Amino acid sequence: MKAGFVSLGCAKNLVDTEVMLGIMRANGIELTNNPAEADILVVNTCAFITSAKEESITTILNLSDYKESGRCRSLIVAGCLGQRYGRELLDEMPEADAIIGTGAWDRIMEAITETLRGHRVMLIGEKEIIYDAKTPRIRTTPDYTAYIKISEGCNNRCSFCSIPLIRGKQISRKIEDICDEAEMLAERGVREINLIAQDTTNYGRDIYGKPQLVELLRELVKIKKIRWIRILYSYPQHFTDELIELIASEPKICKYVDLPLQHADNNVLKRMHRPDTRESVEALLKKIREKIPGVSIRSTFIVGFPGETEEEFENLKNFIKEQRLDKVGIFVYSREEDTPAYNMENQILEEVAQERFHELMSIQSLISQEINESLEGREFDVVVEGRDEEVPEVIAGRSYREAPEVDGQVYVEGDTESNIGDFIHVKVTAGFAYDVAAERVD
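Going by this note's numbering, the residue at position 286 of the sequence shown is 568; the numbering climbs one at a time, nothing skipped.
In structure tokens form, the structure reads like this:
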């Protein structure tokens, strides 16, 4: 019996994919990258915004073709789309044989068994569930890097966001369990740990009564074979002085701060149900830059939020120009059912939102290029990720300044010896909009 898997969406979804893969292999199912060879096909879907839902549906329909052209006898839809629209999918997509929600990944074998018997099933769990260090897992990331999900769900209630509707309230793993997983990964060759959650800086509140990210990090840095620890998805309201001091002082923690700010106009932030203000965010960014020399700061912003006036957009634009963040992602507002923003007045026209999107992307592109050009002559450690097939003496890698998948890369010329996963020392020779070129320094 062979199974093929497609994982869509964020790194948090990818971890769910990896544990489902582990459960399937532990039950004797062989995994294949060729969908034509698969008896079972699973799509772990995303439903965060409209474009993600469209991609999920397109992928499901494309894979359903293998029921005719391949060996597929069971097509299973897992993840966020299934959790949110389970009954609708089962009723309106006959191509899908099973729907598994985000709280039911541990029932993947039940879905497989039932669908192979000819039954259509929907497994949408209301229970709060998160994997632990003992859960079977097959990592799909390169050997040297891994994601560790430290909590699931979100207690923030941003008015635009459907994640709490899909993932539920926050549930955290115990510090000891996370450290056990990190130790195990380190023994298997992982050198970079990326901590992920819907809100990493609120980690542990549900277990310990207060956020415990700092305490977790203090334990993780003790693992000898881990070289980099990267914190992703950090909310500004929980980004404490204690956390800043630890990032600044601990060599293993990447000087990389990922703050999803979403906007910079106070009226929009209020409508978004965000507790931050422009003033509080500016004060935090100032403190981070003062306390963490060389820090790389990434953020995301939404344009076209309901009621966003030209003045409010100008405030956002000016903030981006003034703050000069290292990396910025821009999203066009997606109107999601059952969120407070869905029924807000003054929904922005799509063409207006798109114009604002392109304007901000253009501004940020110039800022990013200027920042990368300012790195010329500086030296960094870089993890080697690949080699150019057409130009073998050029390798691609990342420094502490770049997170996997979402940021640019460091291209090193004239290196014919390094292997994937090696850490090498380089000097930046040229900066571009999203990437930098470098040379190896022995």
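For glycine and all other residues, C-beta sits at the position ideal for the given N, C-alpha and C.
All of these numbers come straight from a predicted model, not from anything done at the bench.
Item	Value
Between Asn548 and the rest of its own chain, which residues show a CB-CB distance below 6 Å, the 5 nearest in sequence each way excluded?	Thr559 and Arg560
Please say whether Arg556 and Cys440 have beta carbons closer to each other than 8 Å?	yes
Express the C-alpha separation of Ser444 and Glu618 in angstroms, rounding to a whole number.	7 Å
Pick out the complete alpha helix (DSSP H) segments inside the stretch 635 to 688, 4 residues or longer, and give them in chain order.	none
Beta-carbon within less than 6 Å of Lys534's beta-carbon, same chain only, minus the 5 sequence neighbours each way: which residues are those?	Val503 and Ile511
Identify which residue in Ser356, Asn654 and Glu695 has its Cα closest to the Cα of Glu672.	Glu695
If you drop the 5 nearest sequence neighbours on each side, which residues of the same chain put their C-beta closer than 7 Å to that of Gln651?	Gly713, Phe714 and Ala715
Using three-state DSSP, classify Ala372 as helix, strand or coil.	Checking the sequence, you will find Leu at residue 372 rather than Ala. It is helical.
If I'm right that Ala380 touches Thr397 with Cβ under 8 Å, what's the distance once you round it to whole angstroms?	5 Å
How is Ala318 classed by DSSP in three states: helix, strand or coil?	helix
I'd like to check one pair, Leu642 with Lys599: are the Cβ atoms closer than 8 Å?	yes
Have a look at Ser333, Asn315, Ala285 and Val297 and flag the residue whose alpha-carbon is nearest the alpha-carbon of Met306.	Ala285
If we ignore side chains and look at the alpha-carbon of each, how far apart do Ser346 and Thr422 end up?	23 Å
Is it true that the CB of Pro686 sits closer than 8 Å to the CB of Asn476?	yes
One question on the structure: do Glu590 and Ile630 come within less than 8 Å of each other, judged by their Cβ atoms?	yes
So, at 6 Å on beta carbons, what are the nonlocal neighbours of Arg402 in its own chain, with the 5 sequence-adjacent residues on each side left out?	Asp379
Around the Cβ of Pro674, are there at least 16 other Cβ atoms within 10 angstroms (buried) or fewer (exposed)?	exposed
Around the Cβ of Leu372, are there at least 16 other Cβ atoms within 10 angstroms (buried) or fewer (exposed)?	buried
To the nearest angstrom, how far is the alpha carbon of Glu693 from that of Val676?	Sequence check: residue 693 is Tyr here, not Glu. Between Tyr693 and Val676, the C-alpha separation is close to 7 Å.
If you draw a straight line from the alpha carbon of Val634 to that of Pro588, how long is it in whole angstroms?	12 Å
Taking 8 Å as the threshold, find out whether the stretch 448 to 466 comes into contact with the stretch 339 to 359 through three or more Cβ pairs.	no
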